[in-house]
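Oh and the sequence shown: position 38 is 37 in numbering that gives the first Met the number 0, straight run, nothing missing.
The beta-carbon is built from N, C-alpha and C at its ideal position, and this holds for glycine as well.
Structure first, then comments.
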Amino acid sequence: MQDFDRAIPTLPAISMEDTLAFYRRLGFVCEVVSPNGDYAIAEHGSLEVHFFLHKQLLPAESSFGAYFRVNDVNTLFTEFSALTLPSSGIPRITKLENKPWGMREFAIIDENDSLIRIGQVL
């Protein structure tokens, strides 16, 4: 069986421009990598997420998401909280909590209603 180095989430973008602007606000370095602008890559340190253009996506019906396991969730939460994202609506940020499944985590819901959970092992 082959070992895999890592998995990278691929999420929809109703508007590539708006999606990348949101992730740039979070501190990601973003680059459109396809000639027709329908695919992009965003990186924040060792975190990486890819985006594909999905103009017909209905955010309220979206079930896309990703989980980033990090070594220092407190620092990322502090960094992202400084952006004053709301705690309800789209986009939003949730509070940082210790979960019963042994993770300390929070979530970001992006412009496309994709759920990004970010956590570290307790």
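- Per DSSP, reduced to three states, the secondary structure at asparagine 73 is helical.
- Per DSSP, phenylalanine 67 is not a residue of any alpha helix (DSSP H); the beta strand (DSSP E) it occupies stretches across 64 to 68.
- Under a 10 Å Cβ-count criterion, phenylalanine 51 is classified as exposed, with fewer than 16 other Cβ atoms of the shown protein chains found around its own Cβ.
- The shortest CA-to-CA distance from proline 11 to any of Phe67, Gln119, Leu114 and Leu25 is the one to Leu114.
- Counted as a single uninterrupted DSSP element, the beta strand (DSSP E) harbouring glutamate 30 occupies residues 28 to 31.
- With respect to the 8 angstroms criterion, isoleucine 7 and valine 48 are classified as neighbours on the basis of their beta carbons.
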